[in-house]
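Protein sequences appear in the order of chains A and B.
So for the first sequence, this note's numbering puts the first residue at 586; every next one is plus one.
So for the second sequence, this note's numbering puts the first residue at -3; every next one is plus one.
Just so it is clear, CB atoms sit at the ideal spot from N, CA and C, and this is done for glycine as well.
Below you'll find the structure, written out as structure tokens, and then a few comments.
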Amino acid sequence: MSLLREQDAAEVRERLKAMPSPVRLVHFTQELNLEYGRETRQLLEELSGLSDQLSLEIHNFLLEKDKAAEYGVDMVPATVVCNGKASAIRFYGLPAGYEFASLLDAILMVSQADSGLCAESREKLAAITQPLHLQVFVTPT
Amino acid sequence: MRLAQSFALENTLIQADCIEATEFPDLSSQFRVYAVPKTVINGSASIEGSLPEQFFLEEVLKTLPPQQDGGSASEPAG
């Protein structure tokens, strides 16, 4: 049984038509002891099937430690939104509800290479010379 | 999360994580997440709730130590 309802899948497919360049979802998971691990993987598989511009790469978090380190992933389930080079946008947990909407936004933003921010914000952000880590805690509703 | 991920797109030094709070209870309790959205900045400061772009950015920038780039032209050379 699919997690995305047919109507939702159709809407998402329509939104993803606005992807000018490919985006890769790099997913880290593990088979055992992971609540929602299977659902997260299934949802990503369904999502990536909705656009030719979207691909999914799945890694085993326990067996591929080097890969996890490369993407800066330290807990699972984790999904990194990437274009050609590694990207700095990660999702931890099942992307349902609010997080699903954010994931779609991130995919479109990365594909369009457009943050949608105003010029003043862009200037201020470009001037930052030290690492900045933002962890946004959300719930599905 | 939208603003955080927008920020990450503008500077490679910026990293944005969206964390499903109930699936990571240890991390959530470490950062005292009692309401969402809550944004934790460099593991210490935080912003509760959603803010408009300009205010969110201001709050984030406030948490960064002053930048020392030595580029000030205010001191005369001689």
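Legend entry - Asp13 (chain B) - containing beta strand (DSSP E), residue span: Bounds of the beta strand (DSSP E) holding Asp13 (chain B) are Ile10 to Glu16.
Legend entry - Per-residue burial, Gln720 (chain A) [other beta carbons within 10 Å of its own, 16 or more giving buried]: By the 10 Å Cβ count, Gln720 (chain A) comes out buried.
Inset, instruction - Mark Tyr30 (chain B) as exposed unless 16 or more other C-beta atoms lie within 10 angstroms of its C-beta, in which case mark it buried. - result: With fewer than 16 other Cβ atoms within 10 Å, it is exposed.
Legend entry - Where the beta strand (DSSP E) through Ile674 (chain A) begins and ends: Annotation for Ile674 (chain A): the continuous beta strand (DSSP E) segment containing it runs Ile674 to Tyr677.
Legend entry - Simplified DSSP state of Thr59 (chain B), which is helix, strand or coil: If DSSP states are grouped into helix, strand and coil, Thr59 (chain B) belongs with coil.
Legend entry - Span of the beta strand (DSSP E), counted from its first residue to its last, around Thr35 (chain B): Segment Lys34 to Ile37, the beta strand (DSSP E) holding Thr35 (chain B).
Inset, instruction - Have a look at Pro607 (chain A) and Glu44 (chain B) and give me their C-alpha separation to the nearest angstrom. - result: Taking the straight line from one Cα to the other gives about 34 Å.
Inset, instruction - Ignore the nearest five residues each way along the sequence and tell me which others in Gln638 (chain A)'s own chain have a CB closer than 6 Å to its CB. - result: Cβ within range, chain order: Met604 and Pro607.
Legend entry - Cutoff 6 Å; reference Phe52 (chain B); Cβ partners in own chain excluding five residues on either side: Taken in chain order, the residues that qualify are Leu(-1).
Legend entry - DSSP-derived helix/strand/coil call for Leu629 (chain A): Shown here, Leu629 (chain A) sits in a helix according to DSSP, grouped into three states.
Inset, instruction - Could you check how far apart the C-beta atoms of Glu6 (chain B) and Ala711 (chain A) are, in whole angstroms? I think they sit under 8 Å. - result: Between the beta-carbon of Glu6 (chain B) and that of Ala711 (chain A) there is about 6 Å, and that keeps the pair under the 8 Å contact cut.
Legend entry - Glu655 (chain A) classed as buried or exposed, judged by whether at least 16 other C-beta atoms fall within 10 angstroms: By the neighbour-count criterion, in which 16 or more other beta carbons inside 10 Å mark a residue as buried, Glu655 (chain A) falls on the exposed side.
Inset, instruction - Kindly provide the ranges of any alpha helix (DSSP H) runs that are 4 or more residues long and lie completely inside the region 591 to 639 of chain A, ordered along the chain. - result: As far as the region 591 to 639 of chain A is concerned, its whole alpha helix (DSSP H) runs of at least 4 residues are 591 to 600 and 622 to 633.
Legend entry - Where the alpha helix (DSSP H) through Gln720 (chain A) begins and ends: Where Gln720 (chain A) is concerned, there is no enclosing alpha helix (DSSP H), although the beta strand (DSSP E) it sits in stretches over Leu717 to Val723.
Inset, instruction - Assign Arg590 (chain A) to one of two classes, buried (16 or more other C-beta atoms within 10 Å of its C-beta) or exposed (fewer than that). - result: With fewer than 16 neighbouring CB atoms inside 10 Å of its own CB, Arg590 (chain A) falls in the exposed class.
Inset, instruction - Quick one: list the residues of chain A neighbouring Leu9 (chain B), beta-carbon separation under 9 Å, in chain order. - result: Neighbours of Leu9 (chain B) on chain A, chain order: Ala673, Ile713, Thr714, Gln715, Pro716 and Leu717.
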